[in-house]
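Engineer:
In UniProt numbering, the protein residues as written are 1 to 280.
Below, the structure written as structure tokens:
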């Protein structure tokens, strides 16, 4: 199994990010390394401040972010593109350091930061093991040579061809694509439906805006979800950059966390429940 290790935050980095309007997920990835964890348990943040900054999705009164007014449509678009900044995620992450059992974890893989997550220690352990499996699988894949960005760099800085007329293929290579210009982030959240007594009954995961996912659940699973309970986020992770995972790999992680949590709490997995059909 490929070794992965947790990193320990300097609390001052987190405080600096928050003063700039950021949050736990905005702290720079460069941090001092902790010893490799055999159990996958992430360190606790010392003196954590508030969690993720909530971003409203509607209304002119809710259309200010970081003190600057923004059009409501732009705010909603940002929340959709960055689901880890949704109000539900913000409320969940605000529990860091409040004695509710939440921990912040940063997982360092062989290529850089593989995961930033907030959740319970048991769920972090599951995520750590799954990412170690993914990294081990990557090592077995054959190398396909230099990446596109390296090829573009050689093309743009090759002195021998600086004054040459570029071919059409050169021009295509020289213009970075949108995917290269804006690094994509993979998001995953695990949530559960609890009954009126607070007992977990159904566990699920999503890669989209949690508010939207919960609305879809109510439409398709209204007959099987607890009537008098509520849904709560229990684990959130993001990944991106050189050491990060793609969306498919993040899906593996969040589904594994959800499955393990459902087994541990003796709850149902939403993926195992047949959706309700209004048409029979």
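Here a beta-carbon is modelled for each residue, glycine too, at the ideal position from N, C-alpha and C.
1. Which residue wins for smallest C-alpha separation from residue 88, given the options 253, 213, 224, 258?
2. When we look at the beta-carbon of residue 42 and count the other beta-carbons within 10 Å, is it buried (16 or more) or exposed?
3. Using CA coordinates, which residue listed in 262, 197, 126, 193 is at the minimum distance from residue 224?
4. If you draw a straight line from the alpha carbon of residue 221 to that of residue 185, how long is it in whole angstroms?
5. CB-CB under 7 Å to residue 102, same chain, minus the five flanking residues each way: which ones, in chain order?
6. Using beta-carbon positions only, say whether residue 241 and residue 112 come within less than 7 Å of one another.
7. Taking residue 257 and residue 127 to be in contact with their CB atoms under 8 Å, please state how far apart those CB atoms are, rounded to whole angstroms.
8. Give the straight-line distance between the Cα atoms of residue 81 and residue 265, rounded to the nearest whole angstrom.
9. Give the straight-line distance between the Cα atoms of residue 129 and residue 136, rounded to the nearest whole angstrom.
10. Which two residues bound the contiguous alpha helix (DSSP H) that contains residue 132?
11. Give the secondary structure of residue 267 by DSSP, where H, G and I count as helix, E and B as strand, and everything else as coil.
12. Take the Cβ of residue 190 as the centre, count every other Cβ of all protein chains shown within 10 Å, and call the residue buried at 16 or more, exposed below.
13. Residue 94 by DSSP, collapsed to three states: which one?
14. If I measure Cβ to Cβ from residue 260 and keep anything under 6 Å in the same chain, skipping five residues before and after, which residues do I get?
15. Is it buried or exposed for residue 141, if we count other Cβ within 10 angstroms and need 16 for buried?
16. Sort out for me which residues DSSP pairs residue 235 with in a bridge.
17. Where residue 216 and residue 201 are concerned, what is the direct C-alpha to C-alpha distance, given to the nearest angstrom?
18. Let me confirm a value: residue 249 is counted as buried when at least 16 other C-beta atoms fall within 10 Å, else exposed. Which label applies?
19. Does the Cβ of residue 110 have 16 or more other Cβ atoms within 10 Å, making it buried, or fewer, making it exposed?
20. Do residue 243 and residue 114 count as a contact pair if the criterion is CB distance below 7 Å?
21. Quick one, which of 187, 139, 198, 204 has its alpha-carbon nearest residue 262's?
22. Quick check on the burial criterion: 16 or more other C-beta atoms within 10 angstroms. Buried or exposed for residue 210?
23. Where does residue 284 land, buried or exposed, given buried means 16+ other C-beta within 10 angstroms?
Structural biologist: The structure says:
1. Nearest C-alpha to residue 88: 213.
2. With a pLDDT of 43 at residue 42, under the threshold of 50, the modelled position of this residue cannot be trusted; read the value that follows with caution. The residue is buried, with at least 16 neighbouring Cβ atoms inside 10 Å.
3. It is 193.
4. So the two alpha carbons sit approximately 29 Å from each other.
5. Correct list, in chain order: 95, 96, 118, 119, 120.
6. Against a cut-off of 7 Å, the Cβ pair of residue 112 and residue 241 comes out as a contact.
7. That pair is a contact at about 5 Å.
8. Distance from the CA atom of residue 81 to the CA atom of residue 265, rounded to whole angstroms, is 32 Å.
9. Those two C-alpha atoms are separated by around 11 Å.
10. Run containing residue 132: 121-139, per the alpha helix (DSSP H) assignment.
11. Coil.
12. Around the C-beta of residue 190, 16 or more other C-beta atoms lie within 10 Å, and the residue is accordingly described as buried.
13. Coil, per DSSP.
14. Excluding positions up to five away in sequence, the list reads 126.
15. Within a 10 Å sphere around the beta-carbon of residue 141 sit fewer than 16 other beta-carbons, which makes this residue exposed.
16. When DSSP reads this structure, residue 235 sits in a beta bridge with 119, 190.
17. CA-CA distance, residue 216 to residue 201, rounds to 18 Å.
18. Per the 10 Å Cβ criterion, buried.
19. Residue 110 comes out exposed.
20. The answer is yes: Cβ separation under 7 Å.
21. Nearest option by C-alpha distance: 204.
22. When all chains shown are included, residue 210 counts as buried.
23. Shown here, the chain extends from 1 to 280; a query on residue 284 therefore has no answer.
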